[in-house]
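Protein sequences appear in the order of chains E and W. Here our numbering is used: the first sequence runs in plain steps of one and ends on residue 174. Here our numbering is used: the second sequence runs in plain steps of one and ends on residue 196. All C-beta atoms, glycine included, are put in the ideal place defined by N, C-alpha and C. Since this is a predicted model, take the numbers as computed values, not measurements. Shown next, in structure tokens, is the structure this report addresses.
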Amino acid sequence: METTDRSKKYINPYLGGVLLGLLLLLTVYITGRGLGASGAVKNAVVASVNEISPAHVKHNAYYSQFISDDVNPLNNWLVFEVIGVLAGAFISGALSGRLKWKVEHQPGIRWRTRLIFAAAGGMLFGIGSQFARGCTSGAALTGSAVLAAGGILTMMMIFGTGYLFARFFRKLWV
Amino acid sequence: MGPLIPQQIIDPAWNNLIGFLVGMCFGLILEASGFSSSRKITGVFYGYDFTVMKVFMTAVAVAMVGLLYFNYFGWIDLSLVYVNPLFLNATIVGGFIMGIGFLMGGFCPGTSFAGAAIGKIDAIVFSLGMFLGILLFSEAFPLVETLYNAGDYGGLTITEVLGISPGLFAFFFVCAMLMLFGILYYFRDKFRKIEI
Numbered sequence: 001m002e003t004t005d006r007s008k009k010y011i012n013p014y015l016g017g018v019l020l021g022l023l024l025l026l027t028v029y030i031t032g033r034g035l036g037a038s039g040a041v042k043n044a045v046v047a048s049v050n051e052i053s054p055a056h057v058k059h060n061a062y063y064s065q066f067i068s069d070d071v072n073p074l075n076n077w078l079v080f081e082v083i084g085v086l087a088g089a090f091i092s093g094a095l096s097g098r099l100k101w102k103v104e105h106q107p108g109i110r111w112r113t114r115l116i117f118a119a120a121g122g123m124l125f126g127i128g129s130q131f132a133r134g135c136t137s138g139a140a141l142t143g144s145a146v147l148a149a150g151g152i153l154t155m156m157m158i159f160g161t162g163y164l165f166a167r168f169f170r171k172l173w174v
Numbered sequence: 001m002g003p004l005i006p007q008q009i010i011d012p013a014w015n016n017l018i019g020f021l022v023g024m025c026f027g028l029i030l031e032a033s034g035f036s037s038s039r040k041i042t043g044v045f046y047g048y049d050f051t052v053m054k055v056f057m058t059a060v061a062v063a064m065v066g067l068l069y070f071n072y073f074g075w076i077d078l079s080l081v082y083v084n085p086l087f088l089n090a091t092i093v094g095g096f097i098m099g100i101g102f103l104m105g106g107f108c109p110g111t112s113f114a115g116a117a118i119g120k121i122d123a124i125v126f127s128l129g130m131f132l133g134i135l136l137f138s139e140a141f142p143l144v145e146t147l148y149n150a151g152d153y154g155g156l157t158i159t160e161v162l163g164i165s166p167g168l169f170a171f172f173f174v175c176a177m178l179m180l181f182g183i184l185y186y187f188r189d190k191f192r193k194i195e196i
């Protein structure tokens, strides 16, 4: 249709990039660190396991790095940042008429297939971000902007792998 | 002057509120750019939508060049800015795993929160998968600990690796980006369009 509701349109990607870059610049200027996402989920995992078995957390060489006796793992900058992401995305979606319960998938696959792959993809992203010390936000985006070799390598690995192996997952998307 | 919080120019007690506000802007920009949609994101790998590349590269370039100017004007002490440590082996393995996860899931962690916030059930499932993945990783940590810690180079920068100045690297990065955008623009009619 010619008369698509303009309010449902996305912003220009270059404008989005400039805004995101300015936000990242401001964030580094204020906090000395950048944006993040996977770290908040890690803190949520640590807090959950700590709730069930504090002894287990103390004895696990991974969890134990992220707890201290006086601060709850959920009382963390990144956790609040991610709560902010949810709020901000909700506002944007509400303003543009995009709030809707939906399983988005390519019409050629079933919604169940989409959800199984979404869960598997999330799991892999969770595991990979621990190895790489961050995900697309904290390692690839922020890391590249501060010229961290680890950040640029993470960016190249994520997108390089994506392009190299895209053909095997084509049916999910096209 | 900056960074403000590490130098206690802003009291660290404001940390969480600032985190929330920064996150809100982050979420607004992600959603408004279209990153709440997995099919829009994965278009970058199949040639029908290059939003991810445009937003990502522009953001990196703006922040990278901006930080160098801030440093040049003496507004920020870059030695106080956190540089992500490089663990070579773990980063290669982790980046590869995330790349496959990207193709399967269609989101990365930040964008899955943006999708979840507007009701995308696939994004919510992706986020739950992430929780499970991190749980699995942590529980299996003794098995992967050696790999996790291998190839530790600390907070190494790309300009130390290449032996060039940060300004020169940023210049090359911006040139490469503009060339890429030029190519995308020149061939804009050649790319397949699909209804998302």
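Collapsing the DSSP output to three states places Ile158 (chain E) in a helix.
The beta-carbon separation of Trp173 (chain E) and Tyr46 (chain W), rounded to 6 Å, stays under the 8 Å limit for a contact.
Put simply, the backbone Cα of Tyr14 (chain E) is about 7 Å away from that of Thr58 (chain W). Where Tyr153 (chain W) is concerned, the enclosing beta strand (DSSP E) starts and stops at 152-154. By the rule that beta-carbons nearer than 9 Å mark a contact, Leu178 (chain W) does not touch chain E. Ranked by Cα distance from Phe70 (chain W), the options E:Leu141, E:Lys171, E:Val28, E:Glu81 are led by E:Val28.
Looking at the DSSP output, Lys120 (chain W) bridges to E:Lys102.
Taking the C-beta atoms as reference points, Ala37 (chain E) is found nearer than 9 Å to Gly110 (chain W). In the DSSP assignment, Glu81 (chain E) falls within the alpha helix (DSSP H) that extends over 77-95.
Cα atoms of Ile116 (chain E) and Phe131 (chain E): separation of roughly 23 Å, rounded to the nearest angstrom.
Counting C-beta pairs with one atom in each stretch, the stretch 78-94 of chain W and the stretch 89-105 of chain E have fewer than three that are closer than 8 Å, which means they do not touch. For Thr113 (chain E), no chain W residue has a Cβ inside 7 Å of its Cβ, as the nearest lies near 11 Å away. The continuous stretches of alpha helix (DSSP H) do not include Pro6 (chain W), and DSSP gives it neither H nor E. In this structure, the straight-line span from the alpha carbon of Asn149 (chain W) to that of Glu195 (chain W) is close to 44 Å.
For Thr146 (chain W), no Cβ of chain E is located within less than 9 Å of the residue's own Cβ. Residue-level contact by beta carbon fails for Ile52 (chain E) and chain W, as no gap is shorter than 9 Å. With a beta-carbon spacing of about 6 Å, Val82 (chain E) and Gly23 (chain W) fall inside the 8 Å limit used to define contacts. At a C-beta separation below 9 Å, Leu35 (chain E) has these neighbours in chain W: Val22, Gly23, Phe26, Gly110. Along the stretch 96-107 of chain E, the positions whose C-beta sits under 8 Å from a C-beta of chain W are Ser96, Arg98, Leu99, Lys100, Trp101, Lys102, Val103, Glu104, His105, Gln106, read in chain order. In this structure, Ala90 (chain W) lies away from Gly163 (chain W), with their beta-carbon atoms at least 9 Å apart. When the beta-carbon positions are compared, Gly27 (chain W) and Ala87 (chain E) come within less than 9 Å of each other.
Using a Cβ distance threshold of 9 Å, Ser37 (chain W) and Gly115 (chain W) count as a contacting pair. In the DSSP assignment, Pro142 (chain W) falls within the alpha helix (DSSP H) that extends over 141-149.
By DSSP's assignment, Leu86 (chain W) forms a beta bridge with W:Gly154.
Under the Cβ distance rule, Gly95 (chain W) counts among the residues neighbouring chain E, one pair being separated by less than 9 Å. For Ile76 (chain W), DSSP records a beta bridge to W:Gly2.
Within the same chain, Cβ atoms closer than 8 Å to the Cβ of Val44 (chain W) are found at Phe50, Thr51, Val52, Met53, the five residues on either side in sequence being excluded. Rounded to the nearest angstrom, the gap between the Cα atoms of Arg39 (chain W) and Lys190 (chain W) is 19 Å.
For Asn60 (chain E), the nearest beta carbon of chain W is closer than 9 Å to its own beta carbon. Comparing alpha-carbon positions, the option among W:Gly106, W:Leu168, W:Met179, W:Ala63 lying closest to Leu22 (chain E) turns out to be W:Ala63. Excluding the 5 residues flanking it on each side, Ser112 (chain W) has same chain C-beta neighbours closer than 6 Å at Ala123, Phe126, Ser127, in chain order. Ala145 (chain E) belongs to the set of residues whose beta carbon lies under 9 Å from a beta carbon in chain W. In terms of beta-carbon proximity, Asn76 (chain E) lines the interface with chain W, with at least one pair separated by less than 9 Å. Taken through DSSP and simplified to helix, strand or coil, Ala149 (chain E) comes out as helix. By the neighbour-count criterion, in which a residue is buried when 16 or more other Cβ atoms sit within 10 angstroms of its Cβ, Asn43 (chain E) is buried.
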